[in-house]
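Asker: First, the structure itself, so that you have it in front of you.
Numbering (my numbering), first residue to last: 3 to 141.
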């Protein structure tokens, strides 16, 4: 008879655990987000959190980045930006996704402290690469 053998349990270390992956906090108008945004960010290795779900859990300030989507007409740009900044603090870079291309809105957001502003058309691969580059710059 053969001796009993218990196979060792191997962990797949090629996929980082959720605790090790960078967290992106989504805020703003969900209807104005590009289709497939959440899935594209998850496939690029980010943990995606909704701001409404993160409130009170301490997740706002532990996020690596915050993405804020704005309405096509830029309505409430100043208040949305200030609200997002108050929520995550100054240590978390804010990246704004504009629903309509407007150089004046982009200029305002950048001068107010946004880490980046992305205007339409928004290409999800480019967005994920920009976020990853922003994180590499912080290391």
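Just so it is clear, CB atoms sit at the ideal spot from N, CA and C, and this is done for glycine as well.
Could you check if residue 115 is buried or exposed, using at least 16 other CB atoms within 10 Å of its CB as the buried criterion?
Answerer: exposed
Asker: Do residue 72 and residue 30 have their C-beta atoms within less than 8 Å of each other?
Answerer: yes
Asker: Looking only at its chain, what residues have a beta carbon closer than 7 Å to the beta carbon of residue 117, apart from the 5 residues adjacent to it on each side?
Answerer: 95, 96, 97 and 136
Asker: Provide the residue(s) that pair with residue 118 in DSSP beta bridges, ordered along the chain.
Answerer: Beta-bridge partners assigned by DSSP to residue 118: 97.
Asker: Does DSSP put residue 68 in a helix, in a strand, or in coil?
Answerer: strand
Asker: I believe residue 133 touches residue 28 by the beta-carbon criterion, under 8 Å. Please report the beta-carbon distance rounded to the nearest angstrom.
Answerer: Not confirmed; about 12 Å, so no contact.
Asker: Just tell me which of 104, 46, 42 and 32 has its CA closest to the CA of residue 23.
Answerer: 46
Asker: Should residue 93 be labelled buried (16 or more other beta-carbon atoms within 10 Å of its own) or exposed?
Answerer: exposed
Asker: How long is the line joining the alpha carbons of residue 138 and residue 25, rounded to whole angstroms?
Answerer: 14 Å
Asker: Using a 10 Å radius around the Cβ and a threshold of 16 neighbouring Cβ atoms, would you call residue 59 buried or exposed?
Answerer: Because the pLDDT at residue 59 is just 40, under 50, the model does not fix this residue reliably, and the value given afterwards should be weighed accordingly. Flag for residue 59 reads exposed.
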